[in-house]
Amino acid sequence: MNPLELTLGILTAVGGFVDISELVFAAQAGSTFGYALIWVFAFSTIGIMVMGEMSGRVAAVAKQPVFNLIRHRLGLKLGLVTLAASFISNLITCAAEVGGAAIVLHLLTGAPAMLMAAVMTAVVIASIWILPFKWIERTYGLLGLFMIVFAVALVKINPPWGAIAGGFLPQVPPGLSTQELLRFAYFGVAIISAVLFPYEVYFYSSGGIEEDWGPKDLPINRVTCIVGFGLGSLLAISILSSSAQLFAPLNIDPQLPGSAVLEAELPMGRLGLLLALLGILFAVAGAAIETCLANAYSVAQFFGWEWGRHKKPWEAPRFTLTWIALFLLALAIVLTGIDVMKLVEFAVLFSVLVLPLTYLPLLLLASDRHFMQNHRNGVLANGLGWFYFVVIVIAAAAAIPLFLLTSGGQG
Amino acid sequence: MKAVILLALTLIGGCASGRSADLPAIGQMRSLAAEWASVNREAARGRLTIAYTEGMRKAAREQIAKQAQALSKGSPAAPAAAALQALPADAAPERIARLAAALKQIETKLESA
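As you go down the protein sequences, you meet chains S and A in turn.
Note that our numbering gives residue 404 to position 292 of the first sequence, counting from 1, and the numbers run on in steps of one.
Note that our numbering gives residue 271 to position 41 of the second sequence, counting from 1, and the numbers run on in steps of one.
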C-alpha cells in the first residue's frame, strides 16, 4: 500500500483532532484535571474510527456521501433542520480555524492578525482552486505532521508514563467539588464533541467519492481511519499530557491560542517553538479547508447540485461559488474582531447538537442490506455504532446545561 | 418537560448565587498572567522570537484588561487586576507571577466559600 494513500485520513484526523478547538480543550483539560481526561480522548477516538470507517464504507459501496443519506433517511423537513444546524456549526468552526491560523501567522511574522486572516483566506481559496483534491490532502495533511513535535516534546520532558497510562482507564478524579465535577463533565462532553465533529465524516465520505473509492478500497478505508484518527488522537493526548506536566504547576489553564506552543518550546527551545507554530498553522489551515469544503459538500449534496473538486471549478459552478462564499463569510466573521476562543466554544457547542442527526442516518444505511449487500455492518460495527450513538445523544442533551452551569468551562 | 426546565434553572440559579460571579474572570486573569509571565521568562532566556513574544504579550494584556472590566464593583481581585494592568509589557516575570499567585489565592478562597 502506498503510504500517500493515507493522506485523506491524516488530513481529516489532524484537521479534526488538533484543530484550534482541540488545542484549547486538550491543553485546558490537562492543566485542570491532569491525566484524568485521557480516557475520554481514547474513548472518543474509537468512536470516530467506527463512524469514519462506516462513512467511508458507505461512500465506497453505496456511493452515497453522508448528506445524501441524511436527506433520504430523515426526510425533507428534518433534513433541512440538520442542514441548517450543521451549516452554522461548520461555518463557526471554519471562522474559528481562519481566526486561529491568522493568530499563528501573526505570531510567526508580527504582521497584524486581521491582515493575516485575509492573506490566509486568499491562500486557501487559491490552493483549493488550483490543486487537485489529492494534492490538497497531501499538502495540508503532510505539512500538518509538523504537529508531531508535540509528541517529541512530551518524550523530552520525560513525564510520569505510569500516570499517563493510568489516564487511559475510565475515571473521575476523587475529591472534586460539585462545581469541579460539572466542569469535568463539561470538558468530557466538549472533547467528545470536538473529536466527533460532524464535518469530519462529511469531509471524509465526500473525499472517498472524490477519490472514486469502490469496494476494493475498503481495506485502505479501514487502515486510513485507524492510522489517521489514531495519529490525531496521539497528538491531542500529547498536548494534554504536556499541559498537565508543564502548565499545571505554573497555574496556567491556557487562555491564549498561542500558549500551547510553549509546550514544545520549553523542552526544545526556539526550534520547538517554530516547528509547533508551523504545525499548528498547517493543521488549522487544513481544518479550515475541511470545514469549508464539508459545508459546501453538504449544501450541494442536499440540493442535488453537481459537486466535487475532481471536477473543474466551472463544471460544478454552484458548488464552487458556495465554498468560495463560505470562506469569505468566515473571513467576515473574523474581521468583526470576535474572540477566536469564543468562536471555538460556540463551534463545539453547536456541533454536539448536530451529532445525533448526522450519525443516525449513517448507522441506518450502513446496516441496510439493500444498499450495502455483503458490506453492511457486522455485529461489532453495529454494536459499537449504536453504543456511540447513545453516548452522542446523552452528550448532546447535557451540552447546553453544562455550558451554562460552568460558564463555558471557566468555573 | 416543564419540570426539567425548572430543575435546570434552579440548578443554574443556585450555582450562580452560591459562588462569586467573578470567579470565571478571576480564573482567566490568573491564567493569562501566568501565561504572560512564562512568555517573559522564556524571552529573557533568549529562546523566543520577537514576533511571538510581542504578539503573546499584547494578547495577554488585552485579555487581562477585558477580564478586569468584567469584575464586579468592589471585587477582591480588583487591586491585583489593576496592578497587572499597570505593569509594562516586558515586566519581570517574577512580578507578574506574584500577581498571578495572588489571584490564585483569591480564587481558591472564593471557591471554598
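From the three backbone atoms N, C-alpha and C, an ideal C-beta is built for every residue, glycine too.
Just so you know, these numbers come straight off a predicted model, no measurement behind them.
Below 8 Å, enough C-beta pairs join the region 300-315 of chain S and the region 402-411 of chain S to call them touching: three or more. Chain-ordered, the chain S residues with CB closer than 7 Å to the CB of Lys334 (chain A) read Asn363. Take the alpha-carbon of Ala263 (chain A) and the one of Ala290 (chain A): they are about 7 Å apart. When S:Trp426, S:Ile260, S:Phe245, S:Ala139 are compared, the shortest CA-CA separation from Glu323 (chain S) is found for S:Phe245. Where Tyr316 (chain S) is concerned, the enclosing alpha helix (DSSP H) starts and stops at 310-322. Against Leu477 (chain S), chain A offers no close residue; the least beta-carbon distance is about 31 Å (beta-carbon pairs closer than 9 Å). Within chain A, no C-beta atom comes nearer than 9 Å to that of Gln485 (chain S); the closest sits roughly 42 Å away. For Thr251 (chain S), the enclosing alpha helix (DSSP H) starts and ends at 245-255.
For the region 208-231 of chain S, the beta-carbon criterion of a distance under 9 Å to any beta-carbon of chain A is satisfied by Ile215, His218, Leu219, Leu220, Thr221, Gly222, Ala223, Ala225.
Considered as a whole, the region 134-222 of chain S harbours 150-173, 178-221 as its complete alpha helix (DSSP H) runs of no fewer than 4 residues, in chain order.
Residue contact check for Ser353 (chain S) against chain A: no CB pair falls below 8 Å. Note on Val502 (chain S): under 16 other CB atoms within 10 angstroms of its CB, so exposed under the neighbour-count rule.
A residue is called buried when at least 16 other Cβ atoms come within 10 angstroms of its Cβ; Trp426 (chain S) does not meet this threshold and is exposed. Judged by pairs of C-beta atoms under 8 Å, the region 422-439 of chain S does not touch the region 181-196 of chain S, as fewer than three such pairs exist.
The DSSP-derived three-state label of Thr432 (chain S) is helix. Neighbourhood of Arg260 (chain A) in chain S, by CB distance below 7 Å: Asn363, in chain order. Along the region 277-298 of chain S, going in chain order, the ones with a CB nearer than 9 Å to a CB of chain A are Ser289, Thr290, Gln291, Glu292, Leu294.
Counting C-beta atoms within 10 angstroms of its own C-beta, Ala238 (chain S) has fewer than 16 neighbours from the protein chains shown and is therefore classed as exposed. Residue range 280-300 is occupied by the alpha helix (DSSP H) that includes Gln297 (chain A).
In this structure, Glu418 (chain S) sits away from Gly520 (chain S), with a CB-CB distance that is not shorter than 8 Å.
When secondary structure is reduced to three states using DSSP, Leu288 (chain S) falls in the coil class, being assigned neither helix nor strand. The straight-line gap separating the alpha-carbon atoms of Leu220 (chain S) and Arg185 (chain S) is approximately 47 Å. A distance below 6 Å between beta-carbons, with the five flanking residues on each side excluded, links Ala139 (chain S) to the following residues of its chain, in chain order: Ile351, Ser355, Pro366, Ala372. Gly495 (chain S) sits exposed, since fewer than 16 C-beta atoms from the chains shown fall within 10 Å of its C-beta. Counting only Cβ-Cβ distances below 7 Å, Ser371 (chain S) has contacts in chain A at Glu265, in chain order.
Bounds of any alpha helix (DSSP H) do not take in Phe359 (chain S), whose DSSP letter is neither H nor E. Sequence-distant partners of Gly384 (chain S) (beyond 5 residues in either direction) whose C-beta falls short of 7 Å from its own C-beta, in its chain, are Val261, Ala265, Ala376, Glu377. The beta carbon of Gln357 (chain S) sits no closer than 8 Å to any beta carbon of chain A. Distance from the CA of Gly212 (chain S) to the CA of Tyr471 (chain S), rounded to the nearest whole angstrom, comes to 28 Å. Following the DSSP letters along the chain, one finds Gly495 (chain S) inside the alpha helix (DSSP H) bounded by residues 491-517. In the DSSP assignment, Ala327 (chain A) falls within the alpha helix (DSSP H) that extends over 323-342.
By alpha-carbon distance to Val446 (chain S), the top candidate from S:Ala234, S:Glu209, S:Leu330, S:Asn363 is S:Glu209.
Apart from the 5 residues on each side of it in sequence, Ile321 (chain S) sits with its Cβ closer than 8 Å to the Cβ of Ala171, Lys175, Pro177, Gly420 in its chain, given in chain order. Close CB contacts of Gly256 (chain S) within its chain, under the 6 Å cut and outside five residues either way in sequence, are with Val126, Phe394, Ala395, Gly398 (chain order). At a cut-off of 8 Å between C-beta atoms, Pro366 (chain S) counts as an interface residue with respect to chain A.
Beyond the five residues adjoining it in sequence on each side, Met228 (chain S) comes within less than 6 Å, by CB distance, of Ala214, Leu217, His218 in the same chain, given in chain order.
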